[in-house]
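*Asks:* Keeping their order, the protein sequence lines are chains P and X.
All the letters of the first sequence, read from the start, carry residue numbers 1235 to 1434 under this note's numbering.
All the letters of the second sequence, read from the start, carry residue numbers 1235 to 1434 under this note's numbering.
Cβ coordinates follow ideal geometry from the N, Cα and C atoms, glycine included.
If you're wondering where the values come from, they're calculated on a predicted model, not measured in any experiment.
Have a look at this one before I ask anything.
Number of protein chains: 2
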Amino acid sequence: MKDLKPLSHLANCFEKLSGVGKKTASRYAFNIVEKFSEADVEEFARALLDCKYKIKNCPSCGMLTDKETCDICRDEERDPNVLIVVRDTKDVYAIEKTHRYRGRYHVLNGLISPLDGIGPDEININSLEKRIKDEDIKELIIATSFTPSGETTALYLNRLFKDRGVTISRIGYGLPAGGDIEYVDELTLLKALEAKQKID
Amino acid sequence: MKDLKPLSHLANCFEKLSGVGKKTASRYAFNIVEKFSEADVEEFARALLDCKYKIKNCPSCGMLTDKETCDICRDEERDPNVLIVVRDTKDVYAIEKTHRYRGRYHVLNGLISPLDGIGPDEININSLEKRIKDEDIKELIIATSFTPSGETTALYLNRLFKDRGVTISRIGYGLPAGGDIEYVDELTLLKALEAKQKID
């Protein structure tokens, strides 16, 4: 018996999601055929397209947004002179959950990783440099993770910006070594923010 | 910061897949925004709709098909007098992988499970009765799993059809107790088919 083409095609699409293997992808595809109503499937398809076409990166900070610029950049009550630099948008969500930080962000969309061929030009550093020049940034808190590429990126940023009149610190206390910051609990993140240390 | 609506909406859709929780669903949604190209997302959306609208249950055996009747029912080289009765379509794929069975199937789309309020009328038994009457079925191999509802269904089918001139057997040797047959390896399934035992 041949496989049904629409089914294996859908399974291939699911398999492109990170962490989804052949078996799981095929289970999801069967699920769609057998458990989802037609209305559910249409909603799913629409939600996929909506997500892709309505959500863009904020031209200023790189955060995801469905407007011209993101909620955080537009929020006038937030301190425009402080930036937390993070690897990706999920890290912004994680830090926002502490409900304590009132500055803005800069999303690098990656970390420097020479072994993977990712240098400073492959991530959002040029735009950060431009912001520091144009937006009167007084403080930069580098919140990349304690991994080799997170550390490399922090060192690189410190060297690049330390003579520009910006106070540069590194998120500190509490972040477990080798961990991805998006999975850290709120309290640990709060501690890490409170214990930020100036890089000297 | 509010969540982005299109993103949380998509995550809700992913969460309807069985075995997908809140965190995984949101990870998949981020994946779509950040790693999928627009072409990938459009293909995904099309594949979802294709799957739902092109694939139907075969009116004869209940198997999935994108034609009028399924490949197996249309295959004239297959023995029309023998039916394997299974719980769902995934079980058909599993048995087909042994490349040994040359009869046809009947997909119940469920098992009798009084505790869940599923009686004989809620699954495809009426159509099986009609097939036994109309299609000169000589042999019925009941390949439901060795779980309480699988056994209940097998006993019920045996009682219902044993006086209709049909040889009824139960898939046997090798199927691990409590296991779902879709996850059994081919060799075990082959053994189980060879060692089918007449119900007396």
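Would you kindly check if the distance between the Cβ of S1379 of chain X and the Cβ of D1355 of chain X is under 7 Å?
*Replies:* no
*Asks:* Mind listing which residues of the stretch 1293-1316 of chain X have their C-beta closer than 8 Å to chain P's C-betas, in chain order?
*Replies:* L1298, T1299, D1300, D1305, I1306
*Asks:* I think N1265 of chain P touches L1374 of chain X, with their Cβ atoms under 8 Å apart; what is that distance to the nearest whole Å?
*Replies:* Contact between N1265 of chain P and L1374 of chain X does not hold, since their C-beta atoms are separated by about 29 Å, which reaches or exceeds 8 Å.
*Asks:* Based on Cα-Cα distance, which residue from P:R1312, P:F1278, P:E1311, P:A1328 lies nearest to A1377 of chain P?
*Replies:* Measuring from the Cα of A1377 of chain P, the nearest candidate turns out to be P:A1328.
*Asks:* How big is the Cα-Cα spacing for V1341 of chain X and R1365 of chain X?
*Replies:* 12 Å
*Asks:* How would you write the range of the alpha helix (DSSP H) that S1271 of chain P sits in, first residue to last?
*Replies:* S1271 of chain P -> no alpha helix (DSSP H), and no H or E assigned at all.
*Asks:* State yes or no: is the C-beta of D1397 of chain P nearer than 6 Å to some heavy atom of the ligand FMN?
*Replies:* Absence of the ligand FMN from the depicted structure is noted, as is the absence of any ligand whatsoever, leaving it without description.
*Asks:* Anything in chain P within Cβ reach of Y1262 of chain X, meaning under 7 Å, just list it in chain order.
*Replies:* Against Y1262 of chain X, the close residues of chain P are L1251, in the order they occur along the chain (beta-carbon pairs closer than 7 Å).
*Asks:* Have a look at L1394 of chain X and R1334 of chain X and give me their C-alpha separation to the nearest angstrom.
*Replies:* Each residue's alpha carbon lies about 28 Å from the other.
*Asks:* Closest Cβ-Cβ distance between D1419 of chain P and chain X: below 7 Å?
*Replies:* no
*Asks:* Counting only the same chain and skipping the five closest in sequence on each side, list residues whose C-beta sits under 7 Å from that of D1370 of chain X.
*Replies:* N1315
*Asks:* What are the boundary residues of the alpha helix (DSSP H) that includes Y1198 of chain X?
*Replies:* Outside the shown range of chain X (1235 to 1434) lies residue 1198 of chain X, about which nothing can therefore be said.
*Asks:* When the Cα atoms are used, what is the spatial distance from L1244 of chain X to A1281 of chain P?
*Replies:* 5 Å
*Asks:* Cβ of L1345 of chain P less than 7 Å from any chain X Cβ?
*Replies:* no
*Asks:* Which residues of the stretch 1270-1281 of chain P have a Cβ closer than 8 Å to any Cβ of chain X? Give them in chain order.
*Replies:* Only those residues of the stretch 1270-1281 of chain P whose C-beta falls short of 8 Å from the nearest C-beta of chain X are listed: F1270, E1272, D1274, V1275, E1276, E1277, F1278, A1279, R1280, A1281.
*Asks:* Applying a beta-carbon distance threshold of less than 7 Å, which residues of chain P neighbour H1340 of chain X?
*Replies:* Near H1340 of chain X there are no residues of chain P at all, since even the closest Cβ is about 15 Å away, more than 7 Å.
*Asks:* Could you name each continuous alpha helix (DSSP H) segment of 4 residues or more that falls completely within the stretch 1276-1335 of chain P, going from the start of the chain to the end?
*Replies:* 1305-1308, 1323-1330
*Asks:* Looking at C-alpha atoms only, which residue of P:K1301, P:A1388, P:C1247 is the closest neighbour of R1321 of chain P?
*Replies:* P:A1388
*Asks:* Can you tell me which of P:A1279, P:T1332, P:V1319 puts its alpha carbon nearest to the alpha carbon of Y1287 of chain X?
*Replies:* P:A1279
*Asks:* Does any residue of chain P bring its CB to less than 7 Å from the CB of P1240 of chain X?
*Replies:* yes
*Asks:* Using a Cβ cut-off of 8 Å, pull out every chain X residue sitting near V1450 of chain P, in sequence order please.
*Replies:* Only positions 1235 to 1434 of chain P appear in this structure, which leaves residue 1450 of chain P out of reach.
*Asks:* Where do the ends of the alpha helix (DSSP H) carrying L1387 of chain P lie?
*Replies:* The sequence shown places Thr at residue 1387 of chain P, not Leu. Run containing T1387 of chain P: 1382-1395, per the alpha helix (DSSP H) assignment.
*Asks:* So the alpha helix (DSSP H) E1416 of chain X belongs to, where does it begin and stop?
*Replies:* Segment: none, E1416 of chain X is in no alpha helix (DSSP H) and carries neither H nor E.
*Asks:* Assuming S1403 of chain P is part of the beta strand (DSSP E), what are its boundary residues?
*Replies:* 1401-1404
*Asks:* How about C1488 of chain P and V1267 of chain X: do their beta carbons lie closer than 7 Å?
*Replies:* In this structure chain P extends from 1235 to 1434, so residue 1488 of chain P is not present and cannot be described.
*Asks:* To the nearest whole angstrom, what separates the beta carbons of L1241 of chain X and A1259 of chain X, a pair I think is in contact under 8 Å?
*Replies:* Wrong, their Cβ atoms sit about 11 Å apart, outside the cutoff.
*Asks:* Quick test of your reading: L1298 of chain P and L1238 of chain X, contact by CB under 8 Å. State the CB separation rounded to the nearest angstrom.
*Replies:* 6 Å
*Asks:* Can you give the Cα-Cα distance for A1426 of chain P and G1406 of chain P, rounded to whole angstroms?
*Replies:* Within the model, the alpha-carbon separation for A1426 of chain P versus G1406 of chain P is close to 5 Å.
*Asks:* Measuring alpha carbon to alpha carbon, tell me which residue in X:C1247, X:S1383, X:E1330, X:A1273 is nearest I1346 of chain X.
*Replies:* X:S1383
*Asks:* Rounded to a whole number of angstroms, what is the C-alpha to C-alpha distance between N1358 of chain X and K1324 of chain X?
*Replies:* 16 Å
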